[in-house]
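K.L.:
Counting from 1, one number per residue, gives the positions in the sequence shown under the UniProt record's numbering.
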Amino acid sequence: GRISKIAEYNTIVTKLLPERLEELLNKDVQLTFSGYFISHLKIKELVATIYNMLDIIKGNFAKLKFGGFEEQYAEIEEKLTLLTDALENEISCKINFDEHYKEVLHQAQIVEADFIKVKRQYNEAKEYYHMDDIIEQRFVKFQNAAAHLSDKKREFEGFIFSNSRNPYSFMVQKMNLIQLENQEIEGEIQFFNQYFIDMKQYAEETYLKEHELTCQLIQTVGFVRQNNLDIILDFYQNEIQAAFSSLQKIREELKLKPIRISYIKEQFNSIQGNVLDLIQLIKQRVQEANLAAQSIIYANQLRSEFNQVDQLLKEAESNYAQQNYKETAEMVIQILKEYHPVAYQMLGGK
1 GRISKIAEYN TIVTKLLPER LEELLNKDVQ LTFSGYFISH LKIKELVATI YNMLDIIKGN
61 FAKLKFGGFE EQYAEIEEKL TLLTDALENE ISCKINFDEH YKEVLHQAQI VEADFIKVKR
121 QYNEAKEYYH MDDIIEQRFV KFQNAAAHLS DKKREFEGFI FSNSRNPYSF MVQKMNLIQL
181 ENQEIEGEIQ FFNQYFIDMK QYAEETYLKE HELTCQLIQT VGFVRQNNLD IILDFYQNEI
241 QAAFSSLQKI REELKLKPIR ISYIKEQFNS IQGNVLDLIQ LIKQRVQEAN LAAQSIIYAN
301 QLRSEFNQVD QLLKEAESNY AQQNYKETAE MVIQILKEYH PVAYQMLGGK
């Protein structure tokens, strides 16, 4: 009961806690001797404070005052636990620091060297390519981040090589910040390196695509003329001229320095689609015209035999003259299907 409880309290105050306090003082001496900087933990001050608390508690015990001891003991235990955890943290931080600080510094040196290369490439690229505002702003941030990293690296090296007596927890915190900045700047280095490659590649690819589209358009015009269908060229004259003009503007933009990649991208995507659609449309019109002409040639063989065919053909020829090639072909093929099945099959049964 009460007597055993008092005996337990007495053991804690006179034996267990003093032993733990002496262990802490010994650990303080050992760790300091081993190169740890733990003065910030104020171990001696805490031990002295707890000894004073124990003296007061022992004085109360002598007066048979045991009330409130468990609360006081819990407070002491909390202080000792926090201090023990802090010491263990310093030990693990020293291991972490010793294992990684050289690697982190080496990586920061690589990042600094890579930044200098990217900065040189950026200045060279600006002579050839227009940089959008968003890229300019991103590069300024990147430049500031690289300068900040250099400052942090120098500060960190100063802590190491001047033998400043800083706790390892403090040094690891500094090291981790440098490592984080290394990673962020490495990401920006990769971004800008890829950005330079992409701009150059896009300009080269667009130059080839523009040349190829111009050739396709010229070939399409030639194809129409070979089929003696200049009337189709007349019909699409404005669209063809606009297509050639648009492609020429892209060609001229690619020759102007600095090249406005974003502007060209926006323009060329639309131009490319329009030119390809126009080429496809003109070729389709030629095919429809040829099919209509062939159909009329076959149907002409039936003209003298069937009055109805003669009447329908006159209507079809009028349609053909008005460049309604698809309707003409469909009309005449229906005649052939009914009156000339062989010719109908020869035209593909369309």
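Quick reminder that beta carbons are idealized off the backbone N, C-alpha and C, glycines included. Predicted, not measured: the structure shown is a model, and the values here were computed from it.
Let me check understanding here. Comparing Cα to Cα, which of T32, I3, I43 lies closest to E22?
P.N.:
Ranking the options by Cα distance to E22, first place goes to I43.
K.L.:
Which residue spans inside the region 146 to 211 form an unbroken beta strand (DSSP E) run of at least 3?
P.N.:
Entirely contained in the region 146 to 211, not one beta strand (DSSP E) run reaches 3 residues.
K.L.:
Quick check on DSSP: helix, strand or coil for I259?
P.N.:
In the structure shown, I259 sits in a strand (DSSP, three-state: E or B).
K.L.:
Please name the residue, chosen from E204, K200, V13, R251, that lies closest to A125 on a Cα-to-Cα basis.
P.N.:
Nearest of E204, K200, V13, R251 to A125, Cα basis: K200.
K.L.:
Let me know if D132 comes out buried or exposed under the rule of 16 or more other beta-carbons within 10 Å of its beta-carbon.
P.N.:
So D132 counts as exposed.
K.L.:
What is the DSSP secondary structure of Y51, reduced to helix, strand or coil?
P.N.:
Reduced to three states, the DSSP call for Y51 is helix.
K.L.:
Q216: which of Y9, D234, L247 sits nearest, CA to CA?
P.N.:
The candidate whose alpha carbon is nearest that of Q216 is L247.
K.L.:
On the CB-based measure, 16 or more other CB atoms within 10 Å of its CB, does S245 come out buried or exposed?
P.N.:
With fewer than 16 Cβ atoms within 10 Å of its Cβ, S245 is classed as exposed.
K.L.:
Just curious, the alpha helix (DSSP H) that Y73 is in, first and last residue?
P.N.:
Y73 -> alpha helix (DSSP H) spans 69 to 128.
K.L.:
Can you give the Cα-Cα distance for Q30 and K152, rounded to whole angstroms?
P.N.:
Roughly 32 Å separates the two Cα atoms.
K.L.:
When burial is assigned at 16 or more other CB atoms within 10 Å of the CB, is V111 buried or exposed?
P.N.:
Buried: at least 16 other Cβ atoms inside 10 Å.
K.L.:
Helix, strand or coil: which one does DSSP assign to K42?
P.N.:
The answer is coil: DSSP assigns K42 none of H, G, I, E or B.
K.L.:
How would you call E181, buried or exposed, if buried means at least 16 neighbouring beta carbons within 10 angstroms?
P.N.:
E181 should be labelled buried.
K.L.:
In whole angstroms, what is the alpha-carbon distance linking N166 and Q121?
P.N.:
Whole-angstrom Cα-Cα distance: 40 Å.
K.L.:
Mind the definition here: the region 215 to 230 touches the region 273 to 288 only if three or more C-beta pairs lie below 8 Å; say whether that holds.
P.N.:
Contact between the region 215 to 230 and the region 273 to 288 is present, because at least three Cβ pairs lie under 8 Å.
K.L.:
For N228, which of helix, strand or coil comes out of DSSP?
P.N.:
Here N228 sits in coil by DSSP.
K.L.:
Is it buried or exposed for I333, if we count other Cβ within 10 angstroms and need 16 for buried?
P.N.:
Buried, because 16 or more other Cβ atoms sit within 10 Å of the Cβ of I333.
K.L.:
Just to confirm my understanding: we take N186, look at its own chain, exclude 5 residues before and 5 after, and list those with CB closer than 7 Å. What are they?
P.N.:
This sequence places Glu at residue 186; Asn is not what is there. V111.
K.L.:
Given E239, which residues of its chain have a CB within under 7 Å of its CB, disregarding the five upstream and five downstream residues?
P.N.:
Result list for E239: L278, in chain order.
K.L.:
Buried or exposed: where does E19 fall if 16 or more other Cβ atoms within 10 Å of its Cβ makes it buried?
P.N.:
Looking at its Cβ environment, which holds fewer than 16 other Cβ atoms inside 10 Å, E19 is exposed.
K.L.:
Which residue wins for smallest C-alpha separation from L177, given the options Q237, T14, F156?
P.N.:
Among Q237, T14, F156, the Cα nearest to that of L177 is on F156.
K.L.:
Quick check on P18: does DSSP put it in helix, strand or coil?
P.N.:
Three-state result, P18: helix.
K.L.:
Would you identify the three-state DSSP class for F37, choosing helix, strand or coil?
P.N.:
Residue state, collapsed to three classes: coil.
K.L.:
For I76, which residues in the same chain have their Cβ closer than 7 Å to its Cβ, ignoring the five residues on either side in sequence?
P.N.:
Here the set comprises L17, I50, M53.
K.L.:
Look at residue 364 and F192 and say whether their C-beta atoms are less than 8 Å apart.
P.N.:
A query on residue 364 cannot be resolved here, the shown segment of the chain reaching from 1 to 350 and no further.
K.L.:
Measuring CA to CA, which of P258, M331, E188, G273 is closest to H130?
P.N.:
Among P258, M331, E188, G273, the Cα nearest to that of H130 is on P258.
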